[in-house]
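Participant: Before we start, here is the structure in question, set down as structure tokens.
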Amino acid sequence: MPMVPLSWLADHVDVAEGTDAEALAAALVKVGLEEEEIHPARVTGPLVVGRVLTRVEETASNGKIVNYCRVDVGEHNDAPGTGKEPSDLPSRGIICGAHNFDVDDLVVVSLPGAILPGDFQIAARKTYGHVSDGMICSARELGLGEDHDGIIVLPKYFPDREIPAVGTDIVSWLGLGEEVLEINVTPDRGYCFSMRGIAREYSHSTGASFRDPGLPGVIASEPAVANGCGFPVVFSDDAPIRGRSGVDRFVARVVRGTNPSAPTPRWMVERLEAAGMRSLSLAVDITNYVMLDLGQPMHAYDLGDLAGPIVVRRARAGETLVTLDEEKRELDPQDLLITDSPEGEGSRIIGIAGVMGGAYSEVGEGTSDVLFEAAHFDSVSVARSSRRHKLHSEAAKRFERGTDPQLPAVAAQRAVELLVQYGGGTADEGVTDVDERGEDVVISLPVGEAQRLTGVAHTPERIAELLRTVGCVVEGPDNGVFTVTAPSWRPDLTLPADLVEEVARLDGYDNIPVIMPTAPAGHGLTTAQKARRLSAAALADGGLVEVESYPFVSDTWDRQGIPVDDPRREALRLRNPMADDAPWLRTTILDTLLDVAGRNVSRSNADVAIFEVAKVARPAGTVPADLPGADERPSDEVLAALEAGIPAQPWHIGGVLTGQAVPAGVLANARAFDWADALEHVRRVASGLGVRVEVTRAWMDEVPAHKGAPMPAPATDPAAVAPFHPGRVARVFVRAGRDLVDVALAGELSPAACRSFGLPARSCAFEIDMDALISQMSAAPIQVKGVSTFPLAKEDIALVVPSDIPASRVEQIVRQGAGQLAESVTLFDIYEGDQVPEGHRSLAFALRLRAADHTLTAKESSQVRAQVVAKAAKVLGASLRA
1 MPMVPLSWLA DHVDVAEGTD AEALAAALVK VGLEEEEIHP ARVTGPLVVG
51 RVLTRVEETA SNGKIVNYCR VDVGEHNDAP GTGKEPSDLP SRGIICGAHN
101 FDVDDLVVVS LPGAILPGDF QIAARKTYGH VSDGMICSAR ELGLGEDHDG
151 IIVLPKYFPD REIPAVGTDI VSWLGLGEEV LEINVTPDRG YCFSMRGIAR
201 EYSHSTGASF RDPGLPGVIA SEPAVANGCG FPVVFSDDAP IRGRSGVDRF
251 VARVVRGTNP SAPTPRWMVE RLEAAGMRSL SLAVDITNYV MLDLGQPMHA
301 YDLGDLAGPI VVRRARAGET LVTLDEEKRE LDPQDLLITD SPEGEGSRII
351 GIAGVMGGAY SEVGEGTSDV LFEAAHFDSV SVARSSRRHK LHSEAAKRFE
401 RGTDPQLPAV AAQRAVELLV QYGGGTADEG VTDVDERGED VVISLPVGEA
451 QRLTGVAHTP ERIAELLRTV GCVVEGPDNG VFTVTAPSWR PDLTLPADLV
501 EEVARLDGYD NIPVIMPTAP AGHGLTTAQK ARRLSAAALA DGGLVEVESY
551 PFVSDTWDRQ GIPVDDPRRE ALRLRNPMAD DAPWLRTTIL DTLLDVAGRN
601 VSRSNADVAI FEVAKVARPA GTVPADLPGA DERPSDEVLA ALEAGIPAQP
651 WHIGGVLTGQ AVPAGVLANA RAFDWADALE HVRRVASGLG VRVEVTRAWM
701 DEVPAHKGAP MPAPATDPAA VAPFHPGRVA RVFVRAGRDL VDVALAGELS
751 PAACRSFGLP ARSCAFEIDM DALISQMSAA PIQVKGVSTF PLAKEDIALV
801 VPSDIPASRV EQIVRQGAGQ LAESVTLFDI YEGDQVPEGH RSLAFALRLR
851 AADHTLTAKE SSQVRAQVVA KAAKVLGASL RA
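Under the UniProt record's numbering, the first residue of the sequence shown carries the number 1, and numbering increases by one thereafter.
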């Protein structure tokens, strides 16, 4: 994000006196540039120029040789008679371990109370037998560089600057006392990645006078005119993206005979460091400085390593490049490249255009002849290459947002002047400027468009004034329409709405009236939405806690014990997963919910009762489709193919129960969760939706044939019900006419699954297919029967049935036989023993009968009993237990 020092900003715009970083942030936010952070000054407190008066070498007890110095610090000297050590000269005593200075040298002295980078606080302290009343500073201690072998001798360190008087505070002079504002720039405001753009916006906000450094003659002289003597450059883009060439302007300038060891001027180093960059070499520092100042990315080449002409072309299959970060990269045919010879044998790749240069031809320690490149590359081409190679360089950051195609010549001229001034070189007369720019963007803006979109009535004169302030060329209005030419640095201005946004932004968003829109009448929640909310509320009322987990999984199927050929393993793999170790979408809620429960248990939360309502992905039957381009609206056929490629995503509810259902207390013993709790939660959800469910075994060694209505066939492979325990899991289903619809599994988890997920033994779980359950809901509202005031009649019936018939099925037949008189049917006893035939069991039910309009007679109760026995005998082959 751009860093904005006020001193640098003031080069291009008149900054009001007394403005600090906070005031600058307040001004910029008015025009849409948000404050990210204010970075404080690197040094606070007294930091002054000192003159060494005396220097006495002393050998400490540890053998180290130190200097005891008396240093003149002007008005900060000890007053006569109050010095911490005797001296005939007004000064301060300071211990210094460096030896690269002598008497009369001007040095940097931090006095007690100063705070240096790294929160290094300076105070007077006794050391080596003396009181050291301050510190003579090195470059590293001040954050000016890495040199720590000696202290800064000002005339040697800054040979091109006039040194202030002794005692002068030099925090600002060293560039260490300035706050720096870091701002957040939205993608459509790429021009604000430069001091030029930010200064323009500050001018828009405050009305301060702006001096555009992108115009010839403002900070650079008139750019040299292109001629035939420059370094040859050829455009050869034979595969443009979306019909747009990857490059439309390329400026090349040469400076010869520079001093390879010439240092970067201190003022430039300070500005680069304030922007978060480190100084590398003079030529490279100049390209970075021009980019930060103007917004034009540049590149410097060692001219001696280039063989003309430079050719800008697309990559060929199989080509590779070692970039400046020393990584070898496989190039894509869409990558735009800079090469240094014609196509064919001998062509060498210099770099990926607009992204990063290659190791070959980079400026080195011995480079004396430099070629500067300043070009305008297509934003889409650069953005794709940057993302493809994960190279988010400072240059790519600007090119992909759109740079100013008028800047290359100005930026190159500025770079040449700086290198000649500080590197001692000579600029070549030859100038290359290959310019194939298209026409300017012209937009027709109806006069009333701003009022239509913002609600603010602007006069035509006001609209034209604001657009000219942005940099547009405005003509008209003719017949109520402006003809607006967008400025070259604003590639985001292409539509009338873009211009309206600029009018609203500069006029002030606060001037837009606040009008609450009228909310359109809706239809409320759908039936499915209501059902899911009711189900979640029912589980929460039952003591469970709702959670949300990421739907991405890895090896969960192996840990659950799910077979290799199980449909639940047919998961959808993400093309770009958030985590490489979790690339699949879950196919059941338990895939992720078991991990959540295990994580809670591992963190000492032993009693866990959680549930989740979410979608799962079932990709079976989907047909993958190619992604369409963004250059036009997809056809109906393409949209249909995309729809066919979307996997089924049914809603499920899953729950996991571990630990104690009832904690131990004074009035009750502890009770652990068991399979009945899991099954009861499924019944609770179904009951809340008005759906009557039945329960059967989910797994048996073999499926016996028996008389009666059809039941869901239990699995005969124990792994088919994983992660549940095969002998302690129930299948819940709904009868829909002659069809049986599976809606849930509920029961204990297998011991292996409990161990894999770190859960206590005999933990329980359930998973409900909500879409299947909701499909069985009746469209008619639930009818509530009135409460009868007539007496209750009781009948107990014990039926002998085959052991493989579920008790829930027998209960259903008993209810059907009892008819409307049955107020409740409760199973109260199960018997298997000598008194019933082998392979059978006795199920005893308590019937509670009541009529709505009269008291039941003994005869009526007996008739109900007889009907129940007859119905059970006919459907289930049951008999009344003697």
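Virtual Cβ for every residue (Gly too), placed ideally from N, Cα, C.
Under 6 Å Cβ to Cβ from D335, same chain only, skipping five residues before and after it: list those, please.
Facilitator: What you label residue 335 is simply residue 335 of the sequence shown in a count that begins at 1. Within the same chain, D335 has close Cβ partners A315, I352, S385.
Participant: Would you say V693 lies against chain E (beta-carbon separation less than 8 Å)?
Facilitator: Any reference to chain E falls outside this structure, which holds one protein chain only.
Participant: Quick test of your reading: R189 and V13, contact by CB under 8 Å. State the CB separation rounded to the nearest angstrom.
Facilitator: Counting from 1 along the sequence shown, the entry for residue 189 is found at position 189. Counting from 1 along the sequence shown, the entry for residue 13 is found at position 13. Incorrect: roughly 17 Å between the Cβ atoms, too far for contact.
Participant: Inspect the beta-carbon positions of G143 and G257 and report whether they are closer than 8 Å.
Facilitator: Walking along the sequence shown from the start, residue 143 turns up at place 143. Walking along the sequence shown from the start, residue 257 turns up at place 257. Going by C-beta atoms, G143 is not nearer than 8 Å to G257.
Participant: Please list, in chain order, all residues of the same chain as D428 whose beta carbon is under 6 Å from its beta carbon, the five residues on each side excluded.
Facilitator: Along the sequence shown, read from residue 1 onward, the residue named residue 428 stands at position 428. For D428, where only same-chain residues beyond five positions count, the Cβ hits under 6 Å are V254.
Participant: Answer with buried or exposed for S862, where buried requires no fewer than 16 other C-beta atoms within 10 angstroms of its C-beta.
Facilitator: Indexing the sequence shown from 1 puts residue 862 at position 862. Label assigned to S862: exposed.
Participant: Mind checking which residues open and close the alpha helix (DSSP H) that includes R731?
Facilitator: The residue given as residue 731 occupies position 731 in the sequence shown. Element bounds for R731: not the alpha helix (DSSP H) but the beta strand (DSSP E), 724-736.
Participant: Is the Cβ-Cβ distance between E548 and A536 less than 8 Å?
Facilitator: Numbered from its first residue, the sequence shown carries residue 548 at position 548. Numbered from its first residue, the sequence shown carries residue 536 at position 536. Not closer than 8 Å, so no.
Participant: Nearest to V31 by CA position, among N62, V311, R200, R865, is which residue?
Facilitator: Mapped onto the sequence shown, residue 31 falls at position 31. The option with the nearest alpha carbon to V31 is R200.
Participant: Under 8 Å: do the segment 804-812 and the segment 739-751 share three or more Cβ pairs, one atom per stretch?
Facilitator: The segment 804-812 is not in contact with the segment 739-751.
Participant: With DSSP as the reference, identify every bridge partner of E546, one or two as the case may be.
Facilitator: Mapped onto the sequence shown, residue 546 falls at position 546. Bridge partners of E546: F611.
Participant: Assuming I774 is part of the alpha helix (DSSP H), what are its boundary residues?
Facilitator: One-based indexing of the sequence shown puts residue 774 at position 774. Start and end: 770-775.
Participant: With the cut-off set at 8 Å, would you say I653 and V685 are in Cβ contact?
Facilitator: For this step, residue 653 is matched to residue 653 along the sequence shown. For this step, residue 685 is matched to residue 685 along the sequence shown. Going by C-beta atoms, I653 is nearer than 8 Å to V685.
Participant: Between the segment 509-519 and the segment 482-490, do three or more beta carbon pairs fall short of 8 Å?
Facilitator: Judged by Cβ distances under 8 Å, the segment 509-519 makes no contact with the segment 482-490, as fewer than three pairs qualify.
Participant: Measure the CB-CB distance between L876 and I805 and report whether it falls below 8 Å.
Facilitator: As a first step, residue 876 is located in the sequence shown; it is residue number 876 there, counting from the start. As a first step, residue 805 is located in the sequence shown; it is residue number 805 there, counting from the start. Result yes, Cβ atoms of L876 and I805 sit closer than 8 Å.
Participant: Restricting to Cα atoms, I'd like to know which of G402, S879, R452, T526 is closest to L499.
Facilitator: By 1-based counting over the sequence shown, the position of residue 499 is 499. If we check each option's Cα against that of L499, R452 comes out closest.
Participant: Could you tell me if N600 is buried or exposed, where buried requires 16 or more neighbouring beta carbons within 10 angstroms of its beta carbon?
Facilitator: For the purposes of this step, residue 600 is taken as residue 600 along the sequence shown, with counting starting at 1. So N600 ends up on the buried side.
Participant: For R762 and F724, I'd like the C-alpha separation in whole angstroms.
Facilitator: As a position in the sequence shown, residue 762 is number 762, starting the count at 1. As a position in the sequence shown, residue 724 is number 724, starting the count at 1. Taking the straight line joining both Cα atoms gives about 10 Å.
Participant: Any chance the segment 517-532 sits against the segment 582-598, with 3 or more Cβ pairs inside 8 Å?
Facilitator: Result no; under three Cβ-Cβ pairs closer than 8 Å.
Participant: Could you please give the first and the last residue of the uninterrupted alpha helix (DSSP H) stretch that includes H204?
Facilitator: If you number the sequence shown from 1, residue 204 lands on position 204. 195-206 is the extent of the alpha helix (DSSP H) around H204.
Participant: My parser needs the alpha helix (DSSP H) runs of 4 or more residues fully inside the UniProt domain "TRNA-binding" (41-171); what are they?
Facilitator: Counting whole runs of 4 or more residues, the UniProt domain "TRNA-binding" (41-171) contains the alpha helix (DSSP H) stretches 154-157.
Participant: Just the C-alpha distance for H392 and N288, rounded to the nearest angstrom, thanks.
Facilitator: For the purposes of this step, residue 392 is taken as the residue at position 392 of the sequence shown. For the purposes of this step, residue 288 is taken as the residue at position 288 of the sequence shown. Between H392 and N288, the C-alpha separation is close to 15 Å.
Participant: Return the first residue and the last residue of the beta strand (DSSP E) that F845 is part of.
Facilitator: Working through the sequence shown from its first residue, we reach residue 845 at position 845. Note, F845: beta strand (DSSP E), 840-849.
Participant: Please identify the residue among A606, A668, D771, E612 whose C-alpha is closest to the C-alpha of A648.
Facilitator: Taking the first residue of the sequence shown as position 1, residue 648 is located at position 648. Measuring from the Cα of A648, the nearest candidate turns out to be D771.
Participant: With the cut-off set at 8 Å, would you say R55 and N77 are in Cβ contact?
Facilitator: Residue mapping note: residue 55 aligns to position 55 of the sequence shown, counting from 1. Residue mapping note: residue 77 aligns to position 77 of the sequence shown, counting from 1. Their beta carbons are not under 8 Å apart, which means R55 does not touch N77 by this criterion.
Participant: CB E373 to CB A252, shorter than 8 Å?
Facilitator: Counted from its first residue, the sequence shown places residue 373 at position 373. Counted from its first residue, the sequence shown places residue 252 at position 252. It is a contact, given that the beta carbons lie within the stated cut-off.
Participant: With distances taken Cα to Cα, identify the nearest neighbour of V662 among G543, A644, D769.
Facilitator: In the sequence shown, the residue the question calls residue 662 occupies position 662. For the residues G543, A644, D769, the minimum Cα distance to V662 belongs to G543.
Participant: Compute the distance between the beta-carbons of L506 and V470, then report whether it is under 8 Å.
Facilitator: Here the question's residue 506 lines up with position 506 in the sequence shown. Here the question's residue 470 lines up with position 470 in the sequence shown. Yes. Within cutoff.
Participant: With a 10 Å radius around its C-beta and 16 neighbouring C-beta atoms as the bar for buried, classify E767 as buried or exposed.
Facilitator: Taking the sequence shown and counting its residues from 1, one reaches residue 767 at position 767. The residue is buried, with at least 16 neighbouring Cβ atoms inside 10 Å.
Participant: Would you call the CB atoms of I94 and G150 closer than 8 Å?
Facilitator: Within the sequence shown, the letter at position 94 stands for residue 94. Within the sequence shown, the letter at position 150 stands for residue 150. The answer is no: Cβ separation not under 8 Å.
Participant: I'd like to know whether the C-beta atoms of G295 and S194 end up nearer to each other than 8 Å.
Facilitator: Sequence index remark: in the sequence shown, residue 295 carries index 295 (1-based). Sequence index remark: in the sequence shown, residue 194 carries index 194 (1-based). Yes, Cβ-Cβ distance for G295 and S194 is below 8 Å.
Participant: What is the C-beta distance between I183 and P2, in whole angstroms, given that I count them as a contact (C-beta under 8 Å)?
Facilitator: As a working note, residue 183 is residue 183 in the sequence shown. As a working note, residue 2 is residue 2 in the sequence shown. With a Cβ gap of about 5 Å, I183 and P2 count as contacting.
Participant: How would you call H854, buried or exposed, if buried means at least 16 neighbouring beta carbons within 10 angstroms?
Facilitator: Residue mapping note: residue 854 aligns to position 854 of the sequence shown, counting from 1. H854 should be labelled exposed.
Participant: Report the partner residues of A3 according to the DSSP bridge assignment.
Facilitator: Within the sequence shown, the letter at position 3 stands for residue 3. According to the sequence displayed, residue 3 carries Met and not Ala. Note: M3 sits in a beta bridge opposite E182.
Participant: T485 bridges to which residues according to DSSP?
Facilitator: Counting from 1 along the sequence shown, the entry for residue 485 is found at position 485. DSSP lists V442, V473 as partners of T485.
Participant: Work out the CA separation of V474 and R468 for me, nearest whole Å.
Facilitator: Position 468 of the sequence shown, counting from 1, holds the residue named residue 468. Position 474 of the sequence shown, counting from 1, holds the residue named residue 474. Each residue's Cα considered, the two are about 7 Å apart.
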